[in-house]
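Remarks on the structure that follows.
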Amino acid sequence: MTDTAWIDAALTSARPQAVGALLRYFRNLDTAEEAYQNACLRALKSWPQNGPPRDPAAWLIMVGRNVAIDDIRRSKKQEALPDDAAISDLDDAEEQLAERLDGSHYRDDILRLLFICCHPDLPATQQIALALRIVSGLTVKQIARAFLVSDAAMEQRITRAKARVADAEVPFETPGAVERSERLTSVAAMIYLIFNEGYSASGDTAEIRSPLCEEAIRLARLLLRLFQSEPEIMGLTALLLIQHARAAARFDAGGAVILLDDQDRSLWNKSLIAEGLALIDKAMRHRRSGPYQVQAAIAALHARAETPADTDWTQIDLLYGALEIMQPSPVVTLNRAVAVSKVKGPQAALDMIEPLAQRLSNYFHFFGVRGAFLMQLGRNDEARTAFDRAIALANTSAEAAHIRMHLDRLQRDSQPRGKKSGK
Amino acid sequence: MLYAILCYHDEDTVGSWTKEQDAAVMQKLSVVQDKLTQQGRLGPVARLLPTTAATTLRKEDPPLVLDGPFAETKEQLLGFYVVDCKNLDEALDVARDLSRVNPGGAYEIRPVGHFTPGSVKP
Chain A
0 MTDTAWIDAA LTSARPQAVG ALLRYFRNLD TAEEAYQNAC LRALKSWPQN GPPRDPAAWL
60 IMVGRNVAID DIRRSKKQEA LPDDAAISDL DDAEEQLAER LDGSHYRDDI LRLLFICCHP
120 DLPATQQIAL ALRIVSGLTV KQIARAFLVS DAAMEQRITR AKARVADAEV PFETPGAVER
180 SERLTSVAAM IYLIFNEGYS ASGDTAEIRS PLCEEAIRLA RLLLRLFQSE PEIMGLTALL
240 LIQHARAAAR FDAGGAVILL DDQDRSLWNK SLIAEGLALI DKAMRHRRSG PYQVQAAIAA
300 LHARAETPAD TDWTQIDLLY GALEIMQPSP VVTLNRAVAV SKVKGPQAAL DMIEPLAQRL
360 SNYFHFFGVR GAFLMQLGRN DEARTAFDRA IALANTSAEA AHIRMHLDRL QRDSQPRGKK
420 SGK
Chain B
0 MLYAILCYHD EDTVGSWTKE QDAAVMQKLS VVQDKLTQQG RLGPVARLLP TTAATTLRKE
60 DPPLVLDGPF AETKEQLLGF YVVDCKNLDE ALDVARDLSR VNPGGAYEIR PVGHFTPGSV
120 KP
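Residue numbers (numbering that gives the first Met the number 0), protein chains in the order written: chain A, 0 to 422; chain B, 0 to 121.
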């Protein structure tokens, strides 16, 4: 029913703040999460009758806290009530709750919550799973589906992550300026990973994973609200918006990948692109460049081109050059080579990627790109070998299907000219 | 007389609407707008991009460019322009020109996300 849609929206948007504040109070992820869920149950009963509270987050924090304390009191016989000093770092919690939550607490609670989820002791997959569970409130089932693992495996992954966080010494005090910017970097990286997890979905799983992209965008927007003058957060948000804007054009009806050049640009989401362009524009004014801004600037150049022929490949080559300096990686060089092939031709691009062969010997895209350059140079046999290797390394069926299309084309091209393809 | 109707809502809430929820709201709004259009009473309609996209130019000398929305509670929204610009720098140039002839206060520059020109003549 649309009657409850506003409640869903209010609960979703209040979640990070409410769970963050409850975590600050109880200092335990499970207790905070349970308290929040209990508060949501009460909200579902109370709000339709009484209307929405003036400040849904404050309402949820207060109700969640009271319910959890009642629970603890009820089980008092088994367990002593935690020391006041241990459960609260506030002098007078009641007074604090009575007044409107102040902006800096709001910001620190959410940041702390995000930071705890990307605790350095946790492997990236657990960080993402924990963030989706705790910050975004996705169910274990939804997360498991997105990562293509069983519910039980995901449950275990999240439980392990929680246990590890509980074991580790988690700092609960308000972070200082230096620490805050360190946290910001790891939180941004986590959001980027969540997005990639959704973005790399193949056709048959796109519907399941695309909510991950939307969730990452929601979190990026949230982070940007908290840090309005951080050009890298603007860049990150812009990057995600522009990439996601192409979602509808990236796969054909059969789930096969459609490359940028072949995409129907009328399917691109113009309002997401407009917002992304506005943000990257604003970020660039700061003259404090960073990897997310550069990636967003590259995405923006693609988005600004009305047809593939309008793409400013020279500028893209330069931007990849900047990215190579900031974040040297063979994958970045490989991407740059694609721009180089458009500007200086396939031979120059091929020369550029040959030195990467050893380091990228297990990387699907390396062989796909190499095969494409070889094919452009008419070295079809070598191209075929590269494509064969790519198929063996494909991560999704869509990737494999895409390479197979290249192979079919090679096959077609070589046949009319007689049996030239003796391998 | 023309009336400007400025829309305020909690950005967190609006931002967490799903695509479907958002589209449903826009659809309902367009029904109301269509009625006004038929009566020749609807002027331009614009939906601004989120406040995170906002840049503020303080009309000092030299003008000071700030991030984020203009949220000084002591000053009120007195009017607005809609100008076609290639990018933020161009929009800032326009704002600077305006601030030169009308100093004091600030201009908030917010990209427009959706625009309907309308048909009404003042």
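Where a beta carbon is used, it is the ideal one built from N, C-alpha and C, also for glycine.
Taking DSSP as the reference, what is the three-state secondary structure of residue i?
i, result
"D92/B", "helix"
"I257/A", "coil"
"H405/A", "helix"
"F372/A", "helix"
"D90/A", "Confidence is the limiting factor: at D90/A the pLDDT is only 42, short of 50, which leaves the residue's position unreliable and the question unanswerable from this model."
"D33/B", "helix"
"V62/A", "helix"
"A97/A", "Confidence in A97/A is poor, its pLDDT being 39 and thus under 50, which makes the residue's placement too unreliable to answer from."
"V82/B", "coil"
"V169/A", "coil"
"V177/A", "helix"
"F250/A", "strand"
Is residue i close to chain A? Criterion is C-beta to C-beta, closer than 9 Å.
i, result
"T51/B", "yes"
"S98/B", "no"
"V64/B", "yes"
"T115/B", "no"
"Q38/B", "no"
"Q20/B", "yes"
"N86/B", "yes"
"G67/B", "yes"
"L48/B", "yes"
"D9/B", "yes"
"P102/B", "no"
"S15/B", "yes"
"P110/B", "yes"
In chain order, what residues of the same chain have a beta carbon less than 6 Å from the beta carbon of residue i, not counting five sequence neighbours either side?
i, result
"R23/A", "D108"
"L406/A", "F386"
"I424/A", "Here chain A has residues from 0 to 422 only, and residue 424/A is not among them."
"Q294/A", "L238"
"L318/A", "V293, A296 and I297"
"F114/B", "A45"
Residues in the same chain with beta-carbon distance under 7 Å from residue i, minus the five sequence neighbours each way, listed in chain order, please.
i, result
"E107/B", "A53, T55, P68 and F69"
"A336/A", "A348, M351, I352 and V368"
"N361/A", "L392"
"L409/A", "M374, N379, A382 and R383"
"K419/A", "Interpretation of K419/A is limited by its pLDDT of 45, a score under 50 that renders its predicted location unreliable; the figure taken from the coordinates is listed afterwards. S413, listed in sequence order."
Can you confirm whether residue i, when its beta carbon is compared against all beta carbons of chain B, has any partner nearer than 9 Å?
i, result
"A38/A", "no"
"Q242/A", "no"
"S180/A", "no"
"L258/A", "no"
"W46/A", "no"
"E398/A", "no"
"K281/A", "yes"
"S12/A", "yes"
"S265/A", "no"
"A298/A", "no"
"A92/A", "At A92/A, the pLDDT of 44 sits below 50, so the modelled position is not reliable; the number obtained from the coordinates is stated separately. No, no contact with chain B."
"L221/A", "yes"
"E274/A", "yes"
If you follow the beta strand (DSSP E) that residue i is part of, which residue opens it and which one closes it?
i, result
"T115/B", "V111 to T115"
"Y106/B", "A105 to I108"
"R46/B", "V44 to L47"
"D309/A", "Careful: D309/A lies outside any beta strand (DSSP E) and carries neither H nor E."
"V64/B", "L63 to D66"
So the alpha helix (DSSP H) residue i belongs to, where does it begin and stop?
i, result
"L276/A", "K269 to M283"
"T11/A", "A4 to F25"
"R132/A", "A123 to I133"
"D316/A", "W312 to M325"
"T55/B", "T55/B -> not in any alpha helix (DSSP H); beta strand (DSSP E) instead, spanning T54 to R57."
On a Cα-Cα basis, can you pick out the residue from the options that is closest to residue i?
i, options, result
"F363/A", "A20/A, R388/A and S265/A", "R388/A"
"A356/A", "K343/A, G370/A and G344/A", "G370/A"
"I133/A", "A391/A, L266/A and A13/A", "A13/A"
"Y80/B", "K73/B, L47/B and P62/B", "L47/B"
"G377/A", "P345/A, F366/A, T310/A and D407/A", "P345/A"
"L77/B", "A94/B, E59/B and A105/B", "A105/B"
"G253/A", "A400/A, A67/A and Q36/A", "A400/A"
"V331/A", "P290/A, L110/A, Y198/A and L239/A", "P290/A"
"S45/A", "V62/A, T30/A and E33/A", "V62/A"
"A4/A", "V13/B, R57/B, G103/B and P116/B", "V13/B"
"E206/A", "R73/A, I60/A, Q141/A and F372/A", "Q141/A"
"R163/A", "L259/A, P119/A and P47/A", "P119/A"
With a CB to CB cut of under 8 Å and the five nearest residues on each side skipped, what residues in its chain are close to residue i?
i, result
"E196/A", "I127, A145, F146, R208 and L211"
"G417/A", "In this predicted model, G417/A has a pLDDT of only 46, less than 50, meaning its place in the structure is not dependable enough to derive any value."
"K58/B", "S98, N101, P102, G103, G104, A105 and Y106"
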